[in-house]
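A.B. asks: Below is the structure I would like to discuss, written out as structure tokens.
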Amino acid sequence: MHGQFRKTLKLTINMLVMLTAALSSEAIGQSTRPLPENAEAGRYGSHWECKRGFRRQDDICLKVKLPDHAFLANTIYGKGWNCHYGFAEKGDECIAVQVPASAYLDPYFGDSWKCLTGYRRSNVGCDLIKVPENAFLSETAEPRGWECERGYRASERACVKIEVPAHAYLTTSGGEWKCDRGFEEKGQACVSVQVPDHAVLVGDAYGQKWKCNRGFEMKGSGCEPIKLPANAHLTYSGNAWECNRPFRLLGNGCVIE
1 MHGQFRKTLK LTINMLVMLT AALSSEAIGQ STRPLPENAE AGRYGSHWEC KRGFRRQDDI
61 CLKVKLPDHA FLANTIYGKG WNCHYGFAEK GDECIAVQVP ASAYLDPYFG DSWKCLTGYR
121 RSNVGCDLIK VPENAFLSET AEPRGWECER GYRASERACV KIEVPAHAYL TTSGGEWKCD
181 RGFEEKGQAC VSVQVPDHAV LVGDAYGQKW KCNRGFEMKG SGCEPIKLPA NAHLTYSGNA
241 WECNRPFRLL GNGCVIE
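Here it is, written out as structure tokens:
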């Protein structure tokens, strides 16, 4: 049995040695392979790469065909060229950017244009933004290009004055109104909140406008005293109860097992 193990081990070692030798031979062959014309040793782990002004195609380096109004790019990727400022790439050409009236060449890349302030881009150029009365220009208000002054709201192409009812105020944005504390919105008016006995007014903008005092619970539109059973106490809110430990709820009372 030991003899068979030794034979198997020896065979495995021999195979590994042969495989290592084959891989080393291949690596040496690759490292000694001559570089193609207009190529140089790779900078990013590759065996070789084309020189500036050339692009790799299979195993050769082809000269970059530089169109008019273009310059060689400092990258091994892409077409190998970029358009001059004021020109835009279109296929294999650099076409001059046609800047329409009331526009300027985008200074970031120089391959497109933007409209001047007060104008909006259209299919044919830059159209004048018509700002209605009681409005001002705004780049963030798309697609109109303008916003209404405080106290006005946009309605189609105009700014309509907001009618603030009694007991109301304009919000921070100035485009809508809300009722004062103690009042709630009913249609286009603000009516007084009816607070029942044993309750207090709360400042919630939405939902219930009043809350029952501690020891009372809401019943319909009023507040009624909480009937506390034996071995129970009011909860944190004060508007409900729960059983003392170790009692548990059973029906309307607290029992112990």
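First residue of the sequence shown? That's 1 in the UniProt record's numbering, and the numbers climb one at a time after it.
Think of the CB as a built atom: it goes at the ideal place given N, C-alpha and C, for glycine as much as any other residue.
All values reported here derive from a predicted model rather than from experimental measurement.
#1: What are the residues that DSSP puts in a beta bridge with Y152?
#2: Could you check whether the stretch 78 to 87 touches the stretch 110 to 121, counting it as contact only if at least three pairs of C-beta atoms, one from each stretch, sit closer than 8 Å?
#3: Would DSSP call E257 helix, strand or coil?
#4: Do G125 and A103 have their CB atoms nearer than 8 Å?
#5: Nearest CA to the CA of V99: which residue from D92, L116, E89, K90?
#6: Quick one: using the 10 Å Cβ neighbour count with 16 as the cut-off for buried, is F216 buried or exposed?
#7: Provide the residue span of the beta strand (DSSP E) that contains residue 259, from first to last.
#8: Mind pulling the beta strand (DSSP E) runs of 3 or more residues that sit fully within the stretch 193 to 218?
#9: Any idea if G145 is buried or exposed, counting beta-carbon neighbours within 10 angstroms, 16 or more meaning buried?
#10: Measuring only the C-alpha atoms, how far is V193 from Y119?
#11: Would you give the residue range spanned by the beta strand (DSSP E) that N38 belongs to?
#12: May I have the straight-line CA-CA distance separating F136 from C148, to the nearest angstrom?
#13: Tell me whether E184 sits in a helix, a strand or coil according to DSSP, three-state version.
#14: Relative to the ligand FAD, is the shortest distance from any of its heavy atoms to the C-beta of G53 smaller than 7 Å?
#15: For F247, report the span of its beta strand (DSSP E) as first-last.
#16: C159 to E133, Cα distance in whole Å?
#17: Taking all protein chains shown into account, do 16 or more other C-beta atoms lie within 10 angstroms of the C-beta of A168, making it buried, or fewer, making it exposed?
#18: Within 10 Å of its beta-carbon, does Y236 have 16 or more other beta-carbons around it, so buried, or fewer, so exposed?
#19: Nearest by alpha-carbon distance to D59: which of D68, R52, I76, E37 is it?
#20: Locate the beta strand (DSSP E) running through F109, then write down its first and last residues.
#21: What residue range does the beta strand (DSSP E) around P67 cover?
#22: Name the DSSP beta bridge partners of E176, please?
#23: Out of curiosity, what's the CA-to-CA distance linking L35 and W48?
#24: On a Cα-Cα basis, can you pick out the residue from M218, H233, N244, P229 that is closest to N252?
C.D. replies: Short version:
#1: K161
#2: yes
#3: coil
#4: yes
#5: L116
#6: buried
#7: With the chain running from 1 to 257 in the structure shown, residue 259 is simply not present.
#8: 199 to 201, 210 to 212
#9: buried
#10: 49 Å
#11: Per DSSP, N38 belongs to no beta strand (DSSP E) and is neither H nor E.
#12: 6 Å
#13: strand
#14: Inclusion of the ligand FAD in the displayed structure is not the case, the ligand content being empty and no account of it being possible.
#15: No beta strand (DSSP E) holds F247; DSSP gives it neither H nor E.
#16: 7 Å
#17: buried
#18: exposed
#19: E37
#20: Counting along the chain, F109 falls outside any beta strand (DSSP E), and DSSP gives it neither H nor E.
#21: From DSSP, P67 is part of no beta strand (DSSP E); its letter is neither H nor E.
#22: DSSP output for E176 lists no bridge partner at all.
#23: 7 Å
#24: P229
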